[in-house]
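Residue numbers (numbering that gives the first Met the number 0): 0 to 511.
By construction, the Cβ of each residue, glycine as well, lies at the ideal position given by its N, Cα and C atoms.
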Amino acid sequence: MNYVFLGGAGEVGGSCMLLSVAGRYILFDCGIRVNRTGIDALPDLELLKQSAPTLDAIFVSHAHADHVGALPLAHALYPNAPIYATVATQCLSSVMLTNAVRVMETEAEGAIFTQEAVETTLARIETLEMGEWIELWDGWRVQFIRSGHILGAVSIYLETPEGRFFYSGDVSTFHQKTIDGLDDIISLPAPDFMVCEATYGDGLHPSRTEEEGKLAKAVADVIKDGGSVLIPSFALGRAQEIILILRDAMISQNIPVFPVITDGLVNSICAVYENLTQYLGTKLQKNIENARQPVFFYKNFSRARLGEQEAILKNETPKCIIASSGMLTGGASVFYARGLAAHEKNAIFLSGYQDAESPGRKLQQLQSGDTLNFADTTAVDVKCRVQRFHLSAHSDQGQLVSVIKQINPKAIALVHGEDVALKALREKLISKYPVTCPYNKQVLSTTDFPVWISPTARAKMEKKAVLNVGVQINGDAIALDAQTAALPRWQEFAQGEHTATLKGDRLIIRKK
């Protein structure tokens, strides 16, 4: 069982992993680096072509751009490969990829794929339900497990003739306002290998309920003082959460009612959520049944229409604007940030992960009066209030450790995190598990051990590792070639009583 990351290892963005096992090639996700453009944004598709003569399947964990943004390119390389995703991921990917084509057409590099390529890719998706075993080929089956990250997001559990594999995707163990958290994983057999995200592997989140209350109150305070608030937000997932945070706070009369305007890709995603209410969280579904009104609507809530942005800014009525993108890398949020940032009475509230190179991360580090440069080369002197609220849809260090202990894999690879997060999470796990933090383009075996394991720990892990040897079976006797029989590990293992099970062309021998 070999694997190579084409993107997403040692970084957040461009998630794409190739698994080679039992003569088949499986691709997990194919995303882009959202803070880059052109070829720099893409996973290493040249290495994919060199490594995989064919693809037997493509599994998509969820519809965020860093996991699905380059999917049409993978499909173009392997048009016969089936693509597996949930219904929600298929619908959301349609919106995300169509928007990507529109955005790319305005950039200097031009579009790296067309709308026709998007539609061809979407048509190749075979939708799977969560929590059901699906037979793929002889000795192969897969199960999608709700990962709790966004609508339709899954972890992927794959059984192969040569072992079990668990791909976490992006994980949220806690319930959010829109969706329920990670589904039951305790009942699953322990996998031989697990790939786990580590976005927030270096810290603990504050209380979700308290953080939601702080955000709602902070927005209300700015508006009470005559200012307006911009919340740059990931269009998919985060924006919907923030809308409901403000709506629920108004309904419970914790804050007064004020105008809330959504803009950009946020509005298209909200429409998809409203058409897939059967996949929303249990609590929200009951709320929808009782309220008998659209999911993301309340008294003064509205969705900006094309060409209204200038008028919205000129209107001096205090308001809250929720607009994409969440890192201020582009989209409607950049327009509003330029218009609001120079005035002390206004505020920009950040609510999610900010890439190290993004304008959003730089905004967090500015002092009042400093200049913020945007990706489109425009700049603005920032005098408004800037604050970060922790509303992540990723599990923190403690929650990830808990998940890993429940899954109890034989070995782990940590990805989807900056270096400090990867190292911190590794330190929490290394005493119990073989843990590696791979880099992109490294072709590794799932039994490879990281160099930082102590000799004593390495020896213990090697005893548990699979030993692949060539044997011949003559009646009740097993014959090994002289070189294999001379291996110290085999001689140690061969002592005592054993059990043997024949699985296909493999003989599994275990000590009693």
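Residue i, DSSP secondary structure in three states
i: TYR438; result: coil
i: LYS510; result: strand
i: GLY7; result: coil
i: TYR335; result: helix
i: VAL221; result: helix
i: TYR599; result: Lying before the first or after the last residue shown, residue 599 is absent from the chain, which here runs from 0 to 511.
i: CYS352; result: The identity of residue 352 in the sequence shown is Tyr, whereas the question assumes Cys. Coil, per DSSP.
i: GLN292; result: coil
i: ALA110; result: coil
i: LEU72; result: helix
i: TYR516; result: Residue 516 lies beyond the stretch modelled for the chain, which goes from 0 to 511, so this question has no answer here.
i: TRP489; result: helix
i: LEU283; result: helix
i: ILE38; result: helix
i: ASP65; result: helix
i: ILE31; result: coil
i: GLN175; result: coil
i: GLN366; result: coil
i: MET520; result: This structure gives no information on residue 520, because the portion of the chain shown stretches from 0 to 511.
Boundaries (first-last residue) of the beta strand (DSSP E) holding residue i
i: PRO160; result: Note, PRO160: premise wrong, no beta strand (DSSP E); not H, not E.
i: ALA478; result: 476-479
i: GLU128; result: Counting along the chain, GLU128 falls outside any beta strand (DSSP E), and DSSP gives it neither H nor E.
i: GLU240; result: GLU240 -> not in any beta strand (DSSP E); alpha helix (DSSP H) instead, spanning 237-250.
i: CYS195; result: 192-196
i: THR370; result: 370-372
i: ILE144; result: 140-145
i: SER301; result: 300-302
i: PRO231; result: 228-231
i: ALA412; result: 411-414
i: VAL259; result: 259-262
i: VAL379; result: 378-380
Beta-carbon separation (whole angstroms), residue i vs residue j, contact threshold 8 Å
i: SER232; j: SER301; result: Incorrect: roughly 16 Å between the Cβ atoms, too far for contact.
i: ALA62; j: THR126; result: Contact doesn't hold; Cβ gap of about 13 Å is too wide.
i: ARG425; j: THR377; result: At roughly 40 Å, the Cβ-Cβ gap does not stay under 8 Å, so ARG425 and THR377 are not in contact.
i: LEU26; j: ALA73; result: 6 Å
i: VAL271; j: VAL94; result: 6 Å
i: CYS269; j: LEU399; result: Not really, about 29 Å apart at Cβ, beyond 8 Å.
i: LYS176; j: ILE244; result: 7 Å
i: GLN441; j: VAL3; result: 6 Å
i: GLU343; j: LYS282; result: That belief does not hold up - the Cβ atoms of GLU343 and LYS282 are roughly 39 Å apart, past 8 Å.
i: ALA346; j: ARG387; result: Rounded, the Cβ-Cβ distance is 12 Å, inconsistent with contact.
i: MET193; j: ILE406; result: 6 Å
i: LEU275; j: LEU150; result: 7 Å
i: PRO408; j: PRO190; result: 5 Å
Alpha carbon of residue i to alpha carbon of residue j, nearest angstrom
i: GLY138; j: GLU158; result: 8 Å
i: PRO71; j: ALA219; result: 43 Å
i: ILE178; j: ILE287; result: 13 Å
i: TYR297; j: ARG246; result: 6 Å
i: ALA234; j: PHE492; result: 55 Å
i: GLU315; j: GLU309; result: 12 Å
i: PRO317; j: GLN353; result: 26 Å
i: GLY263; j: ARG304; result: 9 Å
i: SER60; j: GLN277; result: 19 Å
i: SER430; j: VAL402; result: 16 Å
i: LEU41; j: ARG32; result: 7 Å
i: ALA331; j: ILE311; result: 12 Å
i: GLY226; j: GLU115; result: 44 Å
i: PHE165; j: ASN253; result: 42 Å
Beta-carbon proximity list for residue i, same chain, < 7 Å, skipping 5 on both sides
i: SER357; result: ASN34, MET326, LEU327 and THR328
i: ALA423; result: GLY200, ASP201 and GLN396
i: SER14; result: GLY6, GLY7, ASP28, GLY30, ASP65, HIS66 and HIS415
i: HIS204; result: HIS389, SER391 and ASP395
i: HIS174; result: GLY180 and GLY280
i: GLU106; result: THR36
Host alpha helix (DSSP H) of residue i (start-end)
i: GLU104; result: Here GLU104 belongs to no alpha helix (DSSP H), and DSSP marks it neither H nor E.
i: LEU46; result: 44-50
i: TYR83; result: From DSSP, TYR83 is part of no alpha helix (DSSP H) but of the beta strand (DSSP E) over 82-84.
i: GLN308; result: 308-313
i: ALA423; result: 418-428
i: LEU390; result: Segment: none, LEU390 is in no alpha helix (DSSP H) and carries neither H nor E.
8 Å CB neighbourhood of residue i in its chain, flanking five on each side removed
i: LYS511; result: GLY495, GLU496, HIS497 and THR498
i: ILE241; result: LEU214, ILE230, SER232, ILE321, SER350 and LEU390
i: TRP132; result: ARG140, VAL141 and GLN142
i: GLN284; result: THR276 and GLN277
i: GLY359; result: PRO231, GLY325, MET326, LEU327, THR328, LEU349 and GLN353
Chain-order list of residues whose beta-carbon lies under 6 Å from that of residue i (same chain, five-residue window excluded)
i: GLY306; result: none
i: SER92; result: ALA62 and VAL67
i: ILE508; result: HIS497 and ALA499
i: SER167; result: SER154, CYS195 and GLU196
i: VAL434; result: ILE411, ARG425 and LEU428
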